Amino acid sequence: MYKDKKDLRKKIFFLIDFAIDEQDKNNPYVEEYVSLAIRIAKKINYRLPKEIHMKVCKKCFKIRNSNNTRYRTETNNKKKFLKIHCLACDYLKKIRIS
Ligand SMILES: [Zn+2]
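Using the working numbering, read the sequence shown as starting at 63 and increasing by one per residue.
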């Protein structure tokens, strides 16, 4: 079916964007789309880019919004990190931003 990894990567981005669109329409299967996208990424050994981690939680598959997420910046040895805390599952994601 999808033998090309490039196609699958496109599919991951599509699924995430689709899930975010559907979230506004109160679609109850939003988390399933996100979980599918993350399962595909695991299968092809693809590290999800920062943009996706900013949008969704990879542990509980929820779309991030200001109600379920806390952001904090941290500077360490002149490196800047963004800590994203998911309040739904308590998962802490650290992203390097500079
Ligand atoms: Zn979470």
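Cβ atoms here follow ideal geometry from the backbone N, Cα and C, with glycine treated the same way. Quick caveat, the model's predicted, so the values are computed rather than measured.
Sub-8 Å separation of residue i and residue j beta-carbons
i	j	result
residue 123	residue 97	yes
residue 135	residue 141	no
residue 95	residue 77	yes
residue 117	residue 82	yes
residue 144	residue 157	yes
Residue i - containing beta strand (DSSP E), residue span
i	result
residue 143	141-148
residue 132	131-138
The alpha helix (DSSP H) enclosing residue i, as first and last residue numbers
i	result
residue 156	Not the alpha helix (DSSP H): residue 156 falls in the beta strand (DSSP E), residues 154-158.
residue 83	67-86
residue 125	Element bounds for residue 125: n/a, residue is neither H nor E.
residue 91	Element bounds for residue 91: n/a, residue is neither H nor E.
Minimum C-alpha distance to residue i - residue among the options
i	options	result
residue 129	146, 120 and 65	146
Using a strict less-than 6 Å threshold between each residue's beta carbon and the heavy atoms of ligand 1, what residues do you get? 119, 121, 122, 124, 148, 150, 151 and 153
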